[in-house]
Structures are given as C-alpha cells and as structure tokens.
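Trainee:
There are 2 protein chains.
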Amino acid sequence: MTDTRNTRADVVEAAGRLFAARGYHGTSMRDLGRELGLQGSSLYSHIRSKEDLLVDVVQRAADLFVSSAERATALAGDERAVLRALIAGHVDVLLDHVDEARTFLNEARSLDDPHRERVLAARDSYEHTFRAVLTAGAASGAFRRDLDPIVTGILLLSILNSVDRWYRPAGRLDRTQLVDAILEFTLRGIALPEHG
Amino acid sequence: MTDTRNTRADVVEAAGRLFAARGYHGTSMRDLGRELGLQGSSLYSHIRSKEDLLVDVVQRAADLFVSSAERATALAGDERAVLRALIAGHVDVLLDHVDEARTFLNEARSLDDPHRERVLAARDSYEHTFRAVLTAGAASGAFRRDLDPIVTGILLLSILNSVDRWYRPAGRLDRTQLVDAILEFTLRGIALPEHG
DNA sequence: GCCTTACGAACGATCGTTCGTTAGGATGGG
DNA sequence: CCCATCCTAACGAACGATCGTTCGTAAGGC
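Going down the list, the sequences are from chains A and B. Heads up: take any position in the first sequence, counting from 1, add 876, and you land on the numbering used here. Heads up: take any position in the second sequence, counting from 1, add 876, and you land on the numbering used here.
1) Going straight from the alpha carbon of alanine 1015/A to that of leucine 1049/B, what length do you get?
2) Is asparagine 882/A close to chain B, meaning its C-beta is less than 8 Å from at least one C-beta of that chain?
3) Count the CB pairs spanning the region 966-983 of chain A and the region 885-902 of chain A that are closer than 8 Å, and state whether there are at least three.
4) Alpha carbon to alpha carbon, how far is serine 944/B from alanine 1012/B? Give it in angstroms, no decimals.
5) Going along chain B, which residues have a C-beta under 9 Å from leucine 1063/A?
6) Mind checking glycine 965/B: buried by the 16 CB within 10 Å criterion, or exposed?
7) With a threshold of 8 Å between beta carbons, is serine 986/B in contact with chain A?
8) Note down, in chain order, each residue of its chain lying with its Cβ closer than 7 Å to the Cβ of threonine 878/B, except the 5 sequence neighbours on either side.
9) Check each candidate in Arg956/A, Leu1023/A, Ser918/A and Pro1045/A and name the one with the smallest Cα separation from valine 1084/A.
10) Could you tell me the alpha carbon to alpha carbon distance between leucine 1033/B and arginine 1064/B, rounded to whole angstroms?
11) Mind listing the chain B neighbours of arginine 1020/A? Cutoff is C-beta to C-beta under 9 Å, in chain order.
12) Which runs of the alpha helix (DSSP H), 4 residues or longer, sit entirely within the region 880-935 of chain B?
13) For leucine 970/B, which residues from the same chain have a beta carbon less than 6 Å from its beta carbon, with the 5 sequence-adjacent residues on both sides left out?
14) Below 8 Å on the Cβ atoms is my contact criterion, and I expect valine 995/A with valine 934/A to pass it. Report the Cβ-Cβ distance as a whole number of Å.
15) So, for aspartate 975/B: in the same chain, excluding its five sequence neighbours on each side, which residues have a beta-carbon less than 6 Å away from its beta-carbon?
16) How would you list, in chain order, the residues of chain A whose beta-carbon sits under 8 Å from the beta-carbon of threonine 1028/B?
17) Short of 9 Å Cβ to Cβ, which residues in the region 893-907 of chain B face chain A?
18) Which chain A residues are close to alanine 950/B, counting only those with a beta carbon under 9 Å from its beta carbon?
19) Note down, in chain order, every chain A residue with its Cβ under 8 Å from the Cβ of isoleucine 1058/B.
20) If I measure Cβ to Cβ from glycine 909/A and keep anything under 7 Å in the same chain, skipping five residues before and after, which residues do I get?
21) Indicate the three-state DSSP secondary structure (helix, strand or coil) for alanine 984/A in the structure shown.
22) When we look at the beta-carbon of alanine 1057/A and count the other beta-carbons within 10 Å, is it buried (16 or more) or exposed?
23) So, with DSSP's three-state summary, where would you put alanine 1018/A?
24) Under the rule that 16 or more other beta-carbon atoms within 10 Å means buried, what is threonine 1062/A, buried or exposed?
25) Check each candidate in Ile1035/B, Asp939/B and Leu929/B and name the one with the smallest Cα separation from leucine 1059/B.
26) For leucine 912/A, return the contacting residues in chain B, with the cut-off set at a CB-CB distance below 7 Å.
27) Going by beta carbon distance, what residues of the same chain come within less than 7 Å of lysine 926/A, once the five residues before and after it are set aside?
28) Taking 8 Å as the limit between beta carbons, can you name the residues of its chain near valine 887/B, skipping five residues before and five after?
29) From the DSSP output, which residues share a beta bridge with alanine 1073/A?
30) Using a Cβ-Cβ cut-off of 7 Å (strictly less than) and excluding sequence neighbours within five positions of leucine 1010/B, which residues of its own chain qualify?
31) Going by the CB atoms, is the gap between phenylalanine 1006/B and leucine 962/B shorter than 8 Å?
32) Going along the chain, which residues of the region 1036-1053 of chain A sit with their C-beta nearer than 9 Å to a C-beta in chain B?
33) Roughly how far, in whole angstroms, is the beta-carbon of histidine 973/A from the beta-carbon of leucine 940/A, given that I think they are within contact range, below 8 Å?
34) How many whole angstroms separate the CB atoms of alanine 938/A and alanine 998/A, which I take to be in contact at a CB cut-off of 8 Å?
35) Once you ignore the five residues that flank valine 958/A on each side, which residues in its own chain have a CB closer than 7 Å to its CB?
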C-alpha cells in the first residue's frame, strides 16, 4: 500500500533528505531514484533538472524561516517576548524541517547565480528582523546599549543555525528547555552576576 | 618565478582552498590541477588518491585546533583567562587557516569510516577542553552554577565555528575586538544587568 | 645517471539527461 | 454500463560529458 506512485512533492522531500545527508554534489539522480524505488530517469517525469530540486528545497526552507519571523514580530509584547518568539520559531523550523533547513544552510552555495541571490536576499531579510528587534530593545532599555546589534544578531544566529548539529529530542532537554537555554545564554551569559 | 615546480604541500594547500569553496564532491581532480597550472593526472606524482587530500587537509586542521586548546589550558590564570585564551586560539586557527578549518567543519562527513572516526575523536577531545574549563569555572565561582556546562560549551562553540562565515578583517572589528565581543557576549549576554 | 615532477592518452565507471515506449487509473460519450 | 481516450508515472536503453585513476614517457636539477 505504501508503494503507490510518487508525486513531485515526494521527490522534493526525498531530495531534501539526501541533500542534507550527503550534500548536493554528493547525491546522484540514481541515488535519489533508489531512495524512492525508482529509476533515475523516472525522476524527470516530475522535474526538469537536478538544480530544480535544489531550488525547490532551499526556497521552501527560506519561506519557512521568513514567515516564522513575520509571525514572531506580529506578536504583542516587549522586545524580550519578540526575541523569545524569534528563537522559538527558528528552532521550530530547524527541527520540524531538518532536511530543508540543513540544505538551505549548507548547500545554497551550489545554486547558480539568479537563484542564489534570491535566497541570500531572503536570508538578509530574515537576519534584519533579528537586528531590528535587538536595536529596538537597546533603544527601549530592554537590552544593553553598549553592544553592536549587528554583531549580537550574528552571534545569536550562529547559535541558532547550529542547533540541528547537536540537539536530539531524546536527550535531556525538551524543546522548550532548549529555547529557554538559548534565551538565557543570550540574555545573561555565563558569568556570575555579582562578579566584576 | 612563481611557476617553479609544485610540492605535495602545495597540492594539499590548493586542495584545502577548493574543498572549502566548493566542497569535496564539488571539486574534481582536474579542477585542482587547473588551480596549480597542472594536468589532473600530474597530481598523482604527489598523492595516492583524492581522499588522501581530504584526510591531509582535515587532519591538519584537527591538529591545529587540538594544539591550540593545549596551549590555552597550559596558561597560568583563572578560568576566565583560560576561556579567553580558548576563544582567541579558536579564532586564530579559524582565520589564519580558513580553508583547512572550513573543510574540517564542513567536509569531514565525506571521509570514509576509519578516518572520520579519528577526526570526530579529535573534535570530541577539543570540545571536552571547553567543557572542562566551564565546569571548573562553575566549581570555582568564576561562572554561574545553574547552567549546564555541556550545553554552554556547545553554544559557545556554535558561535566560534561560525566566525569564518561572517567576520572580515577589513570590517569594523579587528581580531582582538572580535574576541572581546564573543567573550563579552558569552559572559554577560545582552540583557541590562539591572533588569529582572 | 637517478629522482622528482609533469605530461597526455586512455581506462572503466558514473554523471545528468533524453528518448521512445508502456502500464494503468481517470475521464467522458454513447 | 462499457469502451475509447487521455494523462500521469515509470521504465530501460542510450547519449555525451566528466569522474578518479593508471600508465608509459619525457624533462631537468642534484
């Protein structure tokens, strides 16, 4: 019963899986066919080229990240609340769509120019959302004023973009605790407060 | 004058450059030959296989990271000083050997089993150094006691391993300021201290 | 005269892709 | 209700290109 015929969405999903695990150049069309129980040539009933698949996977991830950020900023609340929502949204996208997100983060460089620029633009817009909240928080008094929001945003996103490399849902932290840990680290750091 | 004959070290260095830029599977031996002004087949005067090159590049980066950590822990000083040295050492390796470090971080999965395990073991040992300092600092009172050193170490290393993706020496921060920014973020976070 | 470095042709394997064809379910007219 | 039709998904052979690699050979400095 599971061996019904495949749709384009099935192909894109399997492509995400393999691209995430072995990279775009490390995945052949025949590999991808085998993953679906097909011949490599049969994939061309669904797509026009291998690059098409990468575009689809990466674009889908980009959309997920951008719309997650939009939902977070639409929230009522001070900058801390929005920042928490941004972190939680990023973690959700990363963990609920690991393969697309991984491919987005690691394989975008294999896109050819028009597509790569479009993806980099989406990423810029996404990162800008983080910077904007950090800047607003510094102005409103929620965050320190002596830190550069650009650098701070990059450091936070460095943490977030690495979550899929180590976090395992079966481990000690559930997802809420993960978000809390990242937020706590970002807000207060590891130093003892009473210390100089 | 620059077109003297090439040594094995030249080949490994050029391989690191291309592996970092295009990935292991995205780099062909003929690409690599062209980078050195050679035929692809001529590379086999210096190496036995393409995989050899990846092993060399990745192993070299692993050694650099591990010995950097050893130098940092050999330092006199409290845990904050050692932590700063660890951060500075990591940044130095990453920026002074970008290509090897990038390849180490991104292409280790393309190694076959015996070599990959050895590299993962080196990485584990390196990360253990960070955890050990964080644990010692929590015990001595330099750092907060309510944070998990394992998680904290991972978050810090997430920041450090991403530095090469955004830091440009021509930008606003020189290298010392970069280390200071990371240390400050890690120790105190972005929240206003007087805030709840 | 040897040893290192490089060449260039060639190997079989695999790459992404095209093509003509087919099985079978959906569709619609009589 | 049946049959002709169409469409989608898949096959398998084949294409030229490129892959990593081998081999026999040549050039040139210690």
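Where is the CB? At the ideal position from N, CA and C, for every residue including glycine.
Mentor: So, from the listed chains and residues:
1) Walking along the first sequence from the start, residue 1015/A turns up at place 139. Walking along the second sequence from the start, residue 1049/B turns up at place 173. Distance between the alpha carbons of alanine 1015/A and leucine 1049/B is about 22 Å.
2) One-based indexing of the first sequence puts residue 882/A at position 6. Chain B contact via Cβ: absent.
3) yes
4) In the second sequence, the residue the question calls residue 1012/B occupies position 136. In the second sequence, the residue the question calls residue 944/B occupies position 68. A direct Cα-Cα distance of roughly 19 Å separates alanine 1012/B from serine 944/B.
5) Residue mapping note: residue 1063/A aligns to position 187 of the first sequence, counting from 1. Per Cβ cutoff of 9 Å: Gly1065, Ile1066, Ala1067 and His1071.
6) Taking the first residue of the second sequence as position 1, residue 965/B is located at position 89. It is buried - the Cβ of glycine 965/B has at least 16 other Cβ atoms within 10 Å.
7) For the purposes of this step, residue 986/B is identified with residue 110 of the second sequence, where counting begins at 1. Interface residue, yes.
8) Position 2 of the second sequence, counting from 1, holds the residue named residue 878/B. The pLDDT assigned to threonine 878/B is 44, lower than 50, so where the model puts this residue is not dependable; a value taken from the coordinates is nonetheless given after this. Correct list: empty, nothing qualifies.
9) This structure does not reach residue 1084/A, given that chain A is present from 877 up to 1072, and the question cannot be answered.
10) As a first step, residue 1033/B must be located in the second sequence, where it is residue number 157. As a first step, residue 1064/B must be located in the second sequence, where it is residue number 188. Cα to Cα, the separation comes out at about 16 Å.
11) Here residue 1020/A is taken as the residue at index 144 of the first sequence, counted from 1. Arg1064, Gly1065, Ile1066, Ala1067, Leu1068 and Pro1069, listed in chain order.
12) Unbroken alpha helix (DSSP H) stretches of 4 residues or longer found wholly inside the region 880-935 of chain B: 884-898 and 905-912, given in chain order.
13) Here residue 970/B is taken as the residue at index 94 of the second sequence, counted from 1. Correct list, in chain order: Ala977, Val1039 and Asp1040.
14) Indexing the first sequence from 1 puts residue 995/A at position 119. Indexing the first sequence from 1 puts residue 934/A at position 58. The pair is a contact, with the Cβ atoms about 6 Å apart (cut-off 8 Å).
15) Taking the second sequence and counting its residues from 1, the one referred to as residue 975/B is at position 99. Answer for aspartate 975/B: Gly892, Arg893 and Ala896, listed in chain order.
16) In the second sequence, the residue the question calls residue 1028/B occupies position 152. Think of a sphere of 8 Å around the beta carbon of threonine 1028/B: the chain A residues whose beta carbon falls inside it are Phe1061 and Ile1066, in chain order.
17) Ala897, Arg898, Gly899, Tyr900, His901, Gly902 and Thr903
18) Position 74 of the second sequence, counted from the start, is the residue given in the question as residue 950/B. In chain order: nothing, as chain A lies at least about 22 Å away.
19) Taking the second sequence and counting its residues from 1, the one referred to as residue 1058/B is at position 182. Those are Leu1031, listed as they occur along chain A.
20) Start at 1 with the first residue of the first sequence, and residue 909/A comes out as number 33. Within the same chain, glycine 909/A has close Cβ partners Gln915, Gly916, Ser918 and Leu919.
21) Taking the first residue of the first sequence as 1, we reach residue 984/A at position 108. The answer is helix: DSSP assigns alanine 984/A an H, G or I state.
22) As a working note, residue 1057/A is residue 181 in the first sequence. By the neighbour-count rule (16 or more Cβ atoms within 10 Å), alanine 1057/A is buried.
23) Translated into positions along the first sequence, residue 1018/A becomes position 142. The answer is coil: DSSP assigns alanine 1018/A none of H, G, I, E or B.
24) Position 186 of the first sequence, counted from the start, is the residue given in the question as residue 1062/A. Buried.
25) Within the second sequence, the letter at position 183 stands for residue 1059/B. Comparing Cα-Cα distances from leucine 1059/B to each of Ile1035/B, Asp939/B and Leu929/B, the minimum goes to Ile1035/B.
26) In the first sequence, residue 912/A corresponds to position 36, counting from 1. The premise fails here: leucine 912/A is roughly 21 Å from chain B at the closest Cβ pair, so nothing lies under 7 Å.
27) Counting from one through the first sequence, the residue named residue 926/A turns up at place 50. Same-chain partners within the cutoff: Met905.
28) Numbered from 1 along the second sequence, position 11 holds the residue referred to as residue 887/B. Excluding residues within five positions, the ones whose Cβ falls inside 8 Å are Leu908, Leu912, Leu919, His922, Ile923 and Leu929.
29) Lying before the first or after the last residue shown, residue 1073/A is absent from chain A, which here runs from 877 to 1072.
30) Indexing the second sequence from 1 puts residue 1010/B at position 134. Correct list, in chain order: Phe1019, Pro1025, Thr1028 and Gly1029.
31) As a first step, residue 962/B is located in the second sequence; it is residue number 86 there, counting from the start. As a first step, residue 1006/B is located in the second sequence; it is residue number 130 there, counting from the start. In this structure, phenylalanine 1006/B lies closer than 8 Å to leucine 962/B by Cβ.
32) Leu1036, Asn1037, Ser1038, Val1039, Arg1041, Trp1042, Tyr1043, Arg1048 and Leu1049
33) Position 97 of the first sequence, counted from the first residue, corresponds to residue 973/A. Position 64 of the first sequence, counted from the first residue, corresponds to residue 940/A. Indeed they touch by this definition, with Cβ atoms about 6 Å apart.
34) The residue given as residue 938/A occupies position 62 in the first sequence. The residue given as residue 998/A occupies position 122 in the first sequence. About 4 Å separates the two Cβ atoms, so the contact holds.
35) For this step, residue 958/A is matched to residue 82 along the first sequence. If you ignore the 5 residues before and after valine 958/A, its C-beta comes within less than 7 Å of the C-beta of Ala948, Thr949, Leu951 and Val1009, all in its own chain and listed in chain order.
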